[in-house]
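Positions in the sequence shown are counted from 1; adding 22 to them yields the working numbering.
Just so you know, even glycine gets a beta-carbon here, dropped at the ideal spot from N, CA and C.
Here is the structure we will look at.
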Amino acid sequence: MIYVPNLVKKFLRLKSAALVVMVTFFALAAWAPLSFGVEASTPLKLNDVRLKSRYAVKRNIVTTVFYIGQGSSGYNSTTNYKSAWDSSWIQSYGGVDSPDYRSGVVNPGQTSLPKKFAPTLNPFYVALPFNDVKYPEIARRVVPWWNEAIFRKDRQSQCKGRWIMIEFQSRVCFGQWEDVGPFRYDHHNYVFGSDRPAIYSNAGLDVSPAIKEYLGLSGLDKTSWRFVDDDEVPYGPWIEYAEQAILYTAIKAETPQRAPSNVKKEPN
């Protein structure tokens, strides 16, 4: 079964014009299935991206690779059979996103996908070390997009699915926040403040195999990242997957212009 709660929630909040776009997109998708982005492409460059929002950039962050379905290791006892916000993460994704069993040979700007199944969630995903569901009182103070009405209604994560932009050697990639880590789940002063990661290898960002391949990462590289708003995400392989492609089209139709976002700062 395809896991689409985020799609349903966003669908219900879109205006009528955007709904028309989405219905049209569904019809076209049924006739012409979307590409999964394994073909050659030119990496997106930082100079090609135009952002209006004012989220802070986290610079020179040690970046590690993780994947859906990953078991424990010698340096980390955590498993990724489920995420902090999805107890059936492997089933929701469609299988194990192993970096060892993938289709296609890639260079930076390209990516591969699992050999044996087509993912039903975005393969461009990340983990950051804060869990808003576990710490809602802190989240109310520090999460810039926090919506109390939404939280009171269903108590679901408002960080899950949030887009970030990652930069490495002038190349940029976009991914969605889908889990908590590396190593910590309470480091709000780093994710939303000015602290730096300071345990183990000082890792502060986990990225999926697709992001690793697209950026040409080796495993412990230093990247820079920042949050972005939905309507700032440019087209790329992170969109060439059914749910996100549909939302991308609808969001662009609904919000051609948008006032800059303001970032809440952590109180002293």
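Look at residue 256 here: in three-state DSSP terms it is coil, with no helix or strand label. For the options 262, 221 and 229, the alpha carbon positioned closest to that of residue 208 is the one of 221.
Judged by DSSP in its simplified three-state form, residue 146 adopts coil rather than helix or strand. Membership of residue 239 in any beta strand (DSSP E) is not indicated, and neither H nor E is assigned to it by DSSP. Within the model, the alpha-carbon separation for residue 178 versus residue 167 is close to 14 Å. Note on residue 109: under 16 other CB atoms within 10 angstroms of its CB, so exposed under the neighbour-count rule. Residue 151 places its beta carbon 8 Å or farther from that of residue 193. Collapsing the DSSP output to three states places residue 194 in a strand.
For the set 217, 224, 175 and 145, the Cα lying nearest the Cα of residue 197 is the one of 145. Runs of the beta strand (DSSP E) spanning 3 or more residues and lying entirely within the stretch 166-220 occur at 185-190 and 193-202, in chain order. Ranking 132, 210 and 191 by CA distance to the CA of residue 165 puts 210 first.
Counting along the chain, no alpha helix (DSSP H) covers residue 87; the unbroken beta strand (DSSP E) around it starts and ends at 80-87. Of all alpha-carbon atoms in 74, 81, 76 and 73, the one lying nearest the alpha-carbon of residue 190 is that of 81. Counting every other CB atom within 10 Å of its CB across the protein chains shown gives residue 223 a total below 16, marking it as exposed. Taken through DSSP and simplified to helix, strand or coil, residue 158 comes out as helix. When C-beta atoms of the stretch 248-262 are compared with those of the stretch 107-125, fewer than three pairs fall below 8 Å, so the two segments do not count as touching. By the Cβ test, the stretch 117-126 is not in contact with the stretch 63-77, since fewer than three Cβ pairs between them sit closer than 8 Å. For the pair residue 72 and residue 102, the Cα-to-Cα distance works out to about 34 Å.
A straight-line Cα-Cα distance of about 28 Å links residue 83 and residue 141.
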